[in-house]
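The structure under discussion appears below in the form of structure tokens.
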Amino acid sequence: GIQVEQSPPDLILQEGANSTLRCNFSDSVNNLQWFHQNPWGQLINLFYIPSGTKQNGRLSATTVATERYSLLYISSSQTTDSGVYFCAVDQGVYGGSQGNLIFGKGTKLSVKP
Amino acid sequence: KAGVTQTPRYLIKTRGQQVTLSCSPISGHRSVSWYQQTPGQGLQFLFEYFSETQRNKGNFPGRFSGRQFSNSRSEMNVSTLELGDSALYLCASSLSSGNTIYFGEGSWLTVV
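What follows is the structure, given as structure tokens:
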């Protein structure tokens, strides 16, 4: 099956710093989503981004589907950005979605004040 | 608009018992999927329902089952609980498969 690899596994930043998280996937996908899991366990959807670039405030994401990777950029990080960031892909069957997201192992981000 | 609601939030069960978890999707969402999260295995897909039909199932034993009702609410059941079933169980909803999905806060299950 498809493999999803995220890097780095851990990241420690000083408040105000910028960071780039990477997600590589081993096969073509129908869609890719980025999530932030807060310390209480809830997964918050950040981006639905099968291709191209999107921005939402201090966060932006780029997916290059032909090269099978996606990047999540966090600028001017804040302590509230701490948590685990996951990317997840949906491979689909015959061009449609399987309704089954395959998650990477995540990047644990700690932002220090 | 209310988000995805999961109940109960926390529960402790004994080995051999069974448990039922409930999920109410965002209003208008017809696709509901369930995931298990453990420190060792990460986030793993359990199953997905759309219009009361299970459309996809992950690689879990038959002790894990689920259903979806006509109002799109969903339940999952785990029978004959094992210690390894201790996990965070997450429910997610979307308008349909392949769209942005939204997760609930999860149900933390501890099996002792």
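Each protein sequence line maps, in turn, to chains Y and R.
Following the working numbering from start to finish, the first sequence increments by one per residue and tops out at 114.
Following the working numbering from start to finish, the second sequence increments by one per residue and tops out at 197.
Cβ atoms here follow ideal geometry from the backbone N, Cα and C, with glycine treated the same way.
None of these values were measured; they are calculated from a predicted model.
Burial state of residue i (16 or more Cβ within 10 Å)
| i | result |
| --- | --- |
| Asp11(Y) | exposed |
| Ser124(R) | Correcting the residue identity first, residue 124(R) is Pro in this sequence and not Ser. That one is exposed. |
| Ile13(Y) | exposed |
| Ile45(Y) | exposed |
| Thr64(Y) | buried |
| Asp28(Y) | exposed |
| Ser157(R) | buried |
| Ser89(Y) | According to the sequence provided, residue 89(Y) is Ala. The question's Ser does not apply to it. With 16 or more Cβ atoms within 10 Å of its Cβ, Ala89(Y) is classed as buried. |
| Trp35(Y) | buried |
| Glu68(Y) | exposed |
| Trp41(Y) | exposed |
| Asn101(Y) | buried |
| Tyr95(R) | exposed |
| Leu194(R) | buried |
| Pro110(R) | buried |
CA nearest to the CA of residue i, picked from the options
| i | options | result |
| --- | --- | --- |
| Met161(R) | Gly169(R), Tyr174(R), Ser155(R) | Tyr174(R) |
| Ser77(Y) | Arg69(Y), Asn46(Y), Arg59(Y), Ser71(Y) | Arg59(Y) |
| Leu22(Y) | Pro114(Y), Ala66(Y), His37(Y), Gln4(Y) | His37(Y) |
| Ala18(Y) | Tyr70(Y), Pro51(Y), Ile75(Y) | Ile75(Y) |
| Arg148(R) | Cys176(R), Tyr95(R), Asp170(R) | Asp170(R) |
| Leu128(R) | Ser136(R), Asn144(R), Phe135(R), Gln153(R) | Asn144(R) |
| Pro146(R) | Phe154(R), Thr138(R), Gln121(R), Gln153(R) | Gln121(R) |
| Gln103(Y) | Ala87(R), Ser112(R), Leu131(R) | In the sequence as displayed, the identity of residue 103(Y) is Ile instead of Gln. For the residues Ala87(R), Ser112(R), Leu131(R), the minimum Cα distance to Ile103(Y) belongs to Leu131(R). |
| Thr108(Y) | Leu73(Y), Pro9(Y), Gly2(Y) | Pro9(Y) |
| Phe188(R) | Gly113(R), Ser178(R), Gln153(R), Leu194(R) | Ser178(R) |
Cβ of residue i within 8 Å of any chain R Cβ
| i | result |
| --- | --- |
| Asp82(Y) | no |
| Gly96(Y) | Per-residue confidence for Gly96(Y) stands at a pLDDT of 44, beneath the threshold of 50, marking its modelled position as unreliable; the derived number appears in the next sentence. No - not a single Cβ of chain R is within 8 Å of the one on Gly96(Y). |
| Phe26(Y) | no |
| Tyr49(Y) | yes |
| Asn31(Y) | yes |
| Trp35(Y) | no |
| Lys106(Y) | yes |
| Asn57(Y) | no |
| Leu102(Y) | yes |
| Asp1(Y) | Nothing can be reported for residue 1(Y): it is not among the residues displayed for chain Y, which extend from 2 to 114. |
| Leu44(Y) | yes |
Residue i CB to nearest heavy atom of the ligand ZN below 7 Å
| i | result |
| --- | --- |
| Gly105(Y) | What this structure holds is no ligand at all, so the ligand ZN is not there to describe. |
8 Å Cβ cutoff, residue i in contact with chain Y
| i | result |
| --- | --- |
| Ile97(R) | no |
| Gly198(R) | With chain R running from 86 to 197 in the structure shown, residue 198(R) is simply not present. |
| Gly191(R) | yes |
| Leu194(R) | no |
| Leu106(R) | no |
| Ala87(R) | no |
Within chain C, the residues that residue i reaches when beta carbons sit closer than 7 Å
| i | result |
| --- | --- |
| Leu14(Y) | In the structure shown, chain C does not exist; the protein chains are Y and R. |
Of all the residues that make up the stretch 138-170 of chain R, which are near chain Y by a beta-carbon distance shorter than 8 Å?
-> Arg140, Asn141, Gly143
For the stretch 171-189 of chain R, which residues have a CB atom closer than 7 Å to at least one CB atom of chain Y, in sequence order?
-> Listed in sequence order: Leu173, Leu175, Ser182, Gly183, Thr185, Ile186, Tyr187, Phe188.
Can you list, in chain order, the stretches of the beta strand (DSSP E) that have 3 or more residues and sit fully within the stretch 115-161 of chain R?
-> 116-123, 127-135, 138-142, 149-153
Entirely enclosed beta strand (DSSP E) segments - the stretch 6-59 of chain Y, minimum 3 residues | 11-15, 20-26, 32-38, 44-49, 53-57
Which ranges does the beta strand (DSSP E) cover as unbroken runs of at least 3 residues, wholly within the stretch 61-87 of chain Y, from first to last along the chain?
-> Every beta strand (DSSP E) stretch that sits fully inside the stretch 61-87 of chain Y and reaches 3 residues is listed by chain position as 70-75.
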